[in-house]
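Peer 1:
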Amino acid sequence: MIKTRIQKSCFIIFLPLFLTITFALLSSSYAADIGNCLLCHKYPGISRVDEEGRMRLFYVNEPIYNNSVHAKVKCEGCHTDIKEIPHKPAKKVDCLVECHIVEPSTEKKFSHKDVEGFIQSSVHGKVDKDGNEKKYAEDYPGCKDCHDNPLFRPLSFFKRVRPGISEQSLSRCKVCHKKEEFVYQFYNHVTTRLHKSRNPLNIAEMCGRCHDDPALVARHELSTKAVISYGETFHGKAASFLDERIPDCLDCHVNKGDSVHQMLGHKDPASSIHKDNKGKICATIDCHPSASPKFATYGVHAEFNLTQSPAQYFFTFFFIVLTGGTLLPLMGVIFLDLLRRFFPHATIGRRK
Amino acid sequence: MEKYPMIKIKDGKKYFYRFSLNQRIQHIILAVTVVLLVLTGMPLKFHDASWAPYLYALFGGIKYAPVVHKVNGAILMLLFFYHIFYLIYVIRKYHIEPLKKKGELGKWDAVKTVLTQKMVPNLKDALDIRDLMKYLFFLTNKRPDGDEMTWKEKFDYWAPFWGMVIIGFSGLILWNKELFTHIVPGGVLNFLIIAHSDEALLAGLFLFIWHWYNVHFSISVFPMGTVFLTGYLSEELMVEEHYQYYVKIMKKAGLEHEILPPHGAHEHEAHEGGASS
Numbered sequence: 000m001i002k003t004r005i006q007k008s009c010f011i012i013f014l015p016l017f018l019t020i021t022f023a024l025l026s027s028s029y030a031a032d033i034g035n036c037l038l039c040h041k042y043p044g045i046s047r048v049d050e051e052g053r054m055r056l057f058y059v060n061e062p063i064y065n066n067s068v069h070a071k072v073k074c075e076g077c078h079t080d081i082k083e084i085p086h087k088p089a090k091k092v093d094c095l096v097e098c099h100i101v102e103p104s105t106e107k108k109f110s111h112k113d114v115e116g117f118i119q120s121s122v123h124g125k126v127d128k129d130g131n132e133k134k135y136a137e138d139y140p141g142c143k144d145c146h147d148n149p150l151f152r153p154l155s156f157f158k159r160v161r162p163g164i165s166e167q168s169l170s171r172c173k174v175c176h177k178k179e180e181f182v183y184q185f186y187n188h189v190t191t192r193l194h195k196s197r198n199p200l201n202i203a204e205m206c207g208r209c210h211d212d213p214a215l216v217a218r219h220e221l222s223t224k225a226v227i228s229y230g231e232t233f234h235g236k237a238a239s240f241l242d243e244r245i246p247d248c249l250d251c252h253v254n255k256g257d258s259v260h261q262m263l264g265h266k267d268p269a270s271s272i273h274k275d276n277k278g279k280i281c282a283t284i285d286c287h288p289s290a291s292p293k294f295a296t297y298g299v300h301a302e303f304n305l306t307q308s309p310a311q312y313f314f315t316f317f318f319i320v321l322t323g324g325t326l327l328p329l330m331g332v333i334f335l336d337l338l339r340r341f342f343p344h345a346t347i348g349r350r351k
Numbered sequence: 000m001e002k003y004p005m006i007k008i009k010d011g012k013k014y015f016y017r018f019s020l021n022q023r024i025q026h027i028i029l030a031v032t033v034v035l036l037v038l039t040g041m042p043l044k045f046h047d048a049s050w051a052p053y054l055y056a057l058f059g060g061i062k063y064a065p066v067v068h069k070v071n072g073a074i075l076m077l078l079f080f081y082h083i084f085y086l087i088y089v090i091r092k093y094h095i096e097p098l099k100k101k102g103e104l105g106k107w108d109a110v111k112t113v114l115t116q117k118m119v120p121n122l123k124d125a126l127d128i129r130d131l132m133k134y135l136f137f138l139t140n141k142r143p144d145g146d147e148m149t150w151k152e153k154f155d156y157w158a159p160f161w162g163m164v165i166i167g168f169s170g171l172i173l174w175n176k177e178l179f180t181h182i183v184p185g186g187v188l189n190f191l192i193i194a195h196s197d198e199a200l201l202a203g204l205f206l207f208i209w210h211w212y213n214v215h216f217s218i219s220v221f222p223m224g225t226v227f228l229t230g231y232l233s234e235e236l237m238v239e240e241h242y243q244y245y246v247k248i249m250k251k252a253g254l255e256h257e258i259l260p261p262h263g264a265h266e267h268e269a270h271e272g273g274a275s276s
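Protein chains in written order, with numbering that gives the first Met the number 0: chain E, 0 to 351; chain B, 0 to 276.
1. Does any CB atom of chain B fall closer than 8 Å to the CB of residue 348/E?
2. May I ask you to report which of helix, strand or coil DSSP gives residue 155/E?
3. Take every Cβ of the region 191-203 of chain B, pair it with every Cβ of the region 40-51 of chain B, and state whether three or more of those distances are shorter than 8 Å.
4. Is the region 234-243 of chain E in contact with the region 254-262 of chain E, if contact means three or more CB pairs nearer than 8 Å?
5. Restricting to Cα atoms, I'd like to know which of 112/B, 216/B, 13/B and 196/B is closest to residue 173/B.
6. Can you name the residues of chain E whose CB is closer than 8 Å to the CB of residue 68/B?
7. At the 8 Å Cβ level, is residue 242/E part of the contact set with chain B, yes or no?
8. Run through chain E and tell me which residues come within less than 7 Å of residue 180/B, C-beta to C-beta.
9. Would you kindly check if the distance between the Cβ of residue 89/E and the Cβ of residue 81/E is under 8 Å?
10. With C-beta atoms as the reference, is residue 311/E less than 8 Å away from residue 222/E?
11. Using CA atoms only, rank isn't needed, just tell me which of 183/B, 13/B, 215/B and 47/B is closest to residue 257/B.
12. Just to confirm the assignment, what range does the alpha helix (DSSP H) spanning residue 114/E have?
13. Tell me which residues share the same chain as residue 104/B and place their Cβ nearer than 6 Å to its Cβ, disregarding the 5 neighbours each side in the sequence.
14. Where do the ends of the beta strand (DSSP E) carrying residue 339/E lie?
15. Going along chain B, which residues have a C-beta under 8 Å from residue 332/E?
16. Quick check on residue 236/B: buried or exposed, where buried means 16 or more other Cβ atoms within 10 Å of its Cβ?
17. According to DSSP, residue 6/B sits in a beta bridge with which residue or residues?
18. Give the DSSP bridge partners of residue 212/B, in chain order.
19. Is residue 79/B closer than 8 Å to residue 148/B when the C-beta atoms are compared?
20. Quick one: any contact between the region 289-297 of chain E and the region 174-185 of chain B, if contact means 3 or more CB pairs under 8 Å?
21. Note down, in chain order, each residue of its chain lying with its Cβ closer than 6 Å to the Cβ of residue 215/B, except the 5 sequence neighbours on either side.
22. For residue 137/B, does the three-state DSSP call read helix, strand or coil?
23. In whole angstroms, what separates the C-alpha of residue 206/E from that of residue 145/E?
24. Which bits of chain E does residue 224/B rub up against, with CB to CB less than 9 Å?
25. Do residue 138/B and residue 347/E have their CB atoms nearer than 8 Å?
26. Counting contacts by CB-CB distance shorter than 8 Å, is residue 170/E in contact with chain B?
27. Are the CB atoms of residue 232/B and residue 17/B nearer to each other than 8 Å?
28. Please check the pair residue 109/B and residue 95/B, which I expect to be a contact at CB under 8 Å, by giving their CB distance rounded to whole angstroms.
29. Grab the span of the beta strand (DSSP E) containing residue 231/B for me, first residue to last.
30. Of all the options 204/E, 33/E and 32/E, which has the alpha carbon lying nearest to the alpha carbon of residue 227/E?
31. Do residue 198/E and residue 241/E have their CB atoms nearer than 8 Å?
32. Short of 7 Å in beta carbon distance, which residues of its chain neighbour residue 252/E, apart from the five on each side in sequence? Order them along the chain.
33. Could you tell me the boundaries of the beta strand (DSSP E) in which residue 48/E lies?
34. Just to confirm, is the Cβ distance from residue 290/E to residue 282/E under 8 Å?
35. Report yes or no: is there a C-beta of chain B within less than 8 Å of the C-beta of residue 311/E?
36. Establish whether the CB of residue 298/E and some CB of chain B are separated by less than 8 Å.
Take a look at the structure:
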């Protein structure tokens, strides 16, 4: 009886305390909603059917958004055509606009414009080296084809690194950067760029949206459905079991030290996967340090396909025939044996 | 080998010697490691299947299941090498040396001794398969009279033997791929992966369909044959599967008058009460 009374009074005392702390924590997250957009966009059901008949959801999850890399950007920073509330259908966001923040080292307005240069000179650029538009230019990716919503997640893991903010390294920032908000914002911003926020399976699935599309693969005369064939390697299989330590597409297809936006085709002599450079990919310190350059002649994208990999096709075919040729007759014997046991003495021949 | 009497009598029933303790232990190690290898290997082969992550998780998922797989693979490889030495030892001690002592070991006798070992397939196996087909297709009412080791047992022995060579060595190389590719190009690994996983599927299906039918699910032995534990086979099964050898052993033991009739529809079966259980 006394115990329950104590429990009750504890509950009464601690509930307001708990609520205060919760609200304090919530309000300490960094809302950039100066334009009060969340007035409407906070409602999970906010949506409409667009002109093409697709259902569009306009809900913005505030806690997720506030933890994303763009948390400090006002909505109007990217949705530049919206000047009033309520607004007309907004244009697609152009990620290359000069934006929101003054970059502290140059004191110029920040922009992602440099990425455009990287992309244009990479295998994913819409124009070739002579400046002519490539065939099927519309197939080549824009920013948002890869940087989709799942990227707006809190700081997470990197290969072999524990997820979350490291209190230990944060404590080092705090020595000079007294303002908690500043530390949080810059630490988060910098480390988010250093970490991968997607696991290898997510990355592979993202690339597979184009590279496993049979029509696109045929149109661009690519030799493989890249993610499907990657999926048949040990790396791909480990990725499907959510291993975070194994290499995904980006680990091999980008030169160490380059941005993923600078990915090059295998025929380009500067490419990491060019036949002269391939040997170095596998033998990095994190992967197979003792491997010889020969190791990299392993066919990562070999398919069960007569035209792409004839030797492997026939080798696999041999095992299929061997398996069928062994098991089917034996299963036939089992079936007949079971049948024979119903009539152990019957025969159409001469009785012995 | 003398420590195992050919016929043991327990509760008035005869049991016939099949496997020594050493062989039975080898079989149990083989069985346990193979089952664990299949359970930790197949989820990787069929990684897209709905059951794969759950089965894999039972062995610690992608972090630990490969370790379980490698440990079991290593044990199985050791067993394989042990078995090879065991074979050489047994053939030398019990077959070649007695000939040597008698001074009868000619130029080809050693080869002949190896080729006439009871596990080596011979013409009788081919004839037995033909006769079994005749029986299964109702062309005759007489089952073939099996010798000490029938074609089924030889198949059950040589299939894993071939499997262990293919799967074992490809697995060993894939495990040490960095070292191996200092000698051969990495493209060889593509073929080794195919050989390792496709041969493993064949071996797994062979064991769990064919071998388990013969030793677990067949009406003669259901739910489980016990010879792999006791080393001795009951008289009924001896008559059913190894009649030729059974008659030989009974005569050797001086028990001619107690020989049961063969399994199947024989004229004298009716008044003898039948041999099948």
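All C-beta atoms, glycine included, are put in the ideal place defined by N, C-alpha and C.
Peer 2: Result, derived from the coordinates:
1. Yes, because at least one Cβ of chain B sits closer than 8 Å to the Cβ of residue 348/E.
2. For residue 155/E, the predicted model reports a pLDDT of 39, less than 50, meaning its position is unreliable and no value from the coordinates is stated.
3. Contact between the region 191-203 of chain B and the region 40-51 of chain B is present, because at least three Cβ pairs lie under 8 Å.
4. Between the region 234-243 of chain E and the region 254-262 of chain E there are fewer than three inter-stretch CB-CB distances shorter than 8 Å, so the stretches are not counted as touching.
5. In this structure, 196/B is the residue among 112/B, 216/B, 13/B and 196/B with its C-alpha nearest to the C-alpha of residue 173/B.
6. Those do not exist, as residue 68/B stays about 12 Å from chain E at its closest Cβ, beyond 8 Å.
7. Yes, contact with chain B.
8. The answer, in chain order, is 290, 291, 293 and 294.
9. If you check the CB distance, residue 81/E and residue 89/E come in under 8 Å.
10. 8 Å or more divides the Cβ of residue 311/E from the Cβ of residue 222/E.
11. Of 183/B, 13/B, 215/B and 47/B, the residue nearest in Cα terms is 13/B.
12. Residue 114/E -> alpha helix (DSSP H) spans 112-120.
13. So the list reads 98, once near-sequence residues are dropped.
14. Careful: residue 339/E lies outside any beta strand (DSSP E), inside the alpha helix (DSSP H) at 309-339.
15. Under the 8 Å cutoff, chain B gives 131 and 135.
16. It is buried - the Cβ of residue 236/B has at least 16 other Cβ atoms within 10 Å.
17. BP columns for residue 6/B point to 15/B.
18. In DSSP, residue 212/B forms no bridge with anything.
19. In this structure, residue 79/B does not lie closer than 8 Å to residue 148/B by Cβ.
20. The answer is yes - the region 174-185 of chain B touches the region 289-297 of chain E, with three or more Cβ pairs under 8 Å.
21. Once the five neighbours on either side are set aside, the close Cβ partners of residue 215/B are 223.
22. Here residue 137/B sits in coil by DSSP.
23. When the Cα atoms are used, residue 206/E and residue 145/E turn out to be separated by approximately 8 Å.
24. Correct list: empty, because the minimum Cβ distance to chain E is about 15 Å.
25. Yes, these two residues count as a Cβ contact at 8 Å.
26. Any Cβ of chain B closer than 8 Å to the Cβ of residue 170/E would place that residue at the interface, and such an atom is absent.
27. Yes. Within cutoff.
28. Residue 109/B to residue 95/B, Cβ: 6 Å. Contact.
29. Residue 231/B -> beta strand (DSSP E) spans 231-233.
30. Of the candidates 204/E, 33/E and 32/E, the one whose C-alpha sits nearest the C-alpha of residue 227/E is 204/E.
31. Annotated as proximal: residue 198/E and residue 241/E, with beta-carbon spacing under 8 Å.
32. Excluding positions up to five away in sequence, the list reads 262, 271 and 272.
33. Note, residue 48/E: beta strand (DSSP E), 46-48.
34. Closer than 8 Å, so yes.
35. It does; some Cβ of chain B falls within 8 Å.
36. Yes, residue 298/E lies at the interface with chain B (some Cβ there is under 8 Å from its Cβ).
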